[in-house]
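*Asks:* Quick note on numbering: the sequence shown equals residues -20 to -1, 1 to 170 in mature numbering (1 follows the signal peptide of the UniProt record, and there is no 0).
For every residue, glycine included, the Cβ atom is placed at its ideal position computed from N, Cα and C.
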Amino acid sequence: MAGDLTLFALLLLLGHLAEANMCAGIRSTNLAKNRPATQSSTASGGVAGRAVDGSRSSSWRAGSCTHTASQTNPWWRVDLGSSQCVDSLVVVNRLDCCSERLDGFTVHVGDNPDVLKNPTCGGPQSLSRGNVMSIGCGGRTGRYVGISLTGSSRILTLCEVEVYGGAQGKRMLSLEDKLESLREDLEKQW
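Now the structure itself:
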């Protein structure tokens, strides 16, 4: 059975090695700015739209940071309006306190409004107090860009999320990219 599964995986890999999306003509404009945003819950007036208001202010008092309630697996998402090629994201963490709220966050890009069902851009990330991080997404396409945390009693706070990309182009996938994509597909099916 293990040999059959290996052969099946190899055949799937060979069938998928042809092409994948890549951003052509990367835009310097923020695709997420002022787009509709939602999150799993809201506390202390920290509505989801604050993360896409165009302000990189990292102080809570400036009124530009989000805040979910303390919960299990909180998430945040922006709707780009249509499927876009996402090259990278910029995430801004809070400076005045609570920087640990972005310990182990994961970025998701896809067409499913359920953030957790979309493919990830790399693995879990952490961001120090007040810092700004650029995260590469390698041309993943999707209408929704989301950020999630795993675990119980977690609060998600984002001070800004910027999304950069461009028109969809094509490129050959590297074997590493394809294996990661195949692994994600197999996990969803099994």
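1. Could you say which of K13, E160 and I135 lies nearest to Q19 if we only look at CA atoms?
2. Which residue wins for smallest C-alpha separation from A49, given the options C139, S24, M113 and S63?
3. In this structure, how does DSSP classify V95 when only helix, strand and coil are distinguished?
4. Cα separation between L96 and D59?
5. Hey, G84 and L138 are a contact pair by Cβ (cut 8 Å); roughly how many whole angstroms apart?
6. Quick one: is S37 near chain D, going by C-beta distance under 8 Å?
7. Determine whether the beta carbon atoms of R15 and V27 lie at a separation below 8 Å.
8. For R57, which residues in the same chain have their Cβ closer than 6 Å to its Cβ, ignoring the five residues on either side in sequence?
9. Taking a contact to mean a Cβ-Cβ separation below 8 Å, would you say G145 touches C65 in this structure?
10. Go ahead and label D91 buried or exposed: buried means 16 or more other beta carbons lie within 10 angstroms of its beta carbon, across all protein chains shown.
11. Within 10 angstroms of its Cβ, does E164 collect 16 or more other Cβ (buried), or is it exposed?
12. From S37, D67 and G131, pick the residue whose C-alpha is nearest to that of G122; which is it?
13. Are residue 202 and R109 touching if we call contact CB-CB under 8 Å?
14. So, helix, strand or coil for R81, using DSSP?
15. How would you write the range of the beta strand (DSSP E) that D59 sits in, first residue to last?
16. Once you ignore the five residues that flank N10 on each side, which residues in its own chain have a CB closer than 6 Å to its CB?
17. Tell me the DSSP secondary structure of R30 in three-state form.
18. Once DSSP output is grouped into helix, strand and coil, what is the label at A42?
*Replies:* So, from the listed chains and residues:
1. Start at 1 with the first residue of the sequence shown, and residue 19 comes out as number 39. When each option's Cα is compared against that of Q19, the closest is I135.
2. Here residue 49 corresponds to residue number 69 of the sequence shown, with the count starting at 1. Measuring from the Cα of A49, the nearest candidate turns out to be S24.
3. Here residue 95 refers to the residue found at position 115 of the sequence shown. Of the three classes helix, strand and coil, the one that applies to V95 here is helix, per DSSP.
4. For this step, residue 96 is matched to residue 116 along the sequence shown. For this step, residue 59 is matched to residue 79 along the sequence shown. Looking at the two C-alpha atoms, the distance is approximately 14 Å.
5. Position 104 of the sequence shown, counting from 1, holds the residue named residue 84. Position 158 of the sequence shown, counting from 1, holds the residue named residue 138. The pair is not a contact, with the Cβ atoms about 14 Å apart (cut-off 8 Å).
6. In the structure shown, chain D does not exist; there is a single protein chain.
7. Start at 1 with the first residue of the sequence shown, and residue 15 comes out as number 35. Start at 1 with the first residue of the sequence shown, and residue 27 comes out as number 47. Not closer than 8 Å, so no.
8. Counted from its first residue, the sequence shown places residue 57 at position 77. Answer for R57: T18, V95, Y124 and G126, listed in chain order.
9. Along the sequence shown, one-based indexing puts residue 145 at 165. Along the sequence shown, one-based indexing puts residue 65 at 85. Yes.
10. The sequence position of residue 91 within the sequence shown is 111, counting from 1. The residue is exposed, with fewer than 16 neighbouring Cβ atoms inside 10 Å.
11. The residue you call residue 164 lines up with position 184 of the sequence shown. So E164 counts as exposed.
12. What you label residue 122 is simply residue 142 of the sequence shown in a count that begins at 1. Nearest option by C-alpha distance: D67.
13. There is simply no residue 202 to check, as the chain begins at -20 and stops at 170 in what is shown.
14. Working through the sequence shown from its first residue, we reach residue 81 at position 101. Residue state, collapsed to three classes: helix.
15. Position 79 of the sequence shown, counting from 1, holds the residue named residue 59. First-last of the beta strand (DSSP E) with D59: W55 to V72.
16. As a position in the sequence shown, residue 10 is number 30, starting the count at 1. When the five nearest sequence neighbours on each side are left out, the beta carbons in the same chain lying within less than 6 Å of the beta carbon of N10 are those of E142, in order along the chain.
17. Looking up residue 30 in the sequence shown gives position 50. It is helical.
18. Numbered from 1 along the sequence shown, position 62 holds the residue referred to as residue 42. Three-state result, A42: helix.
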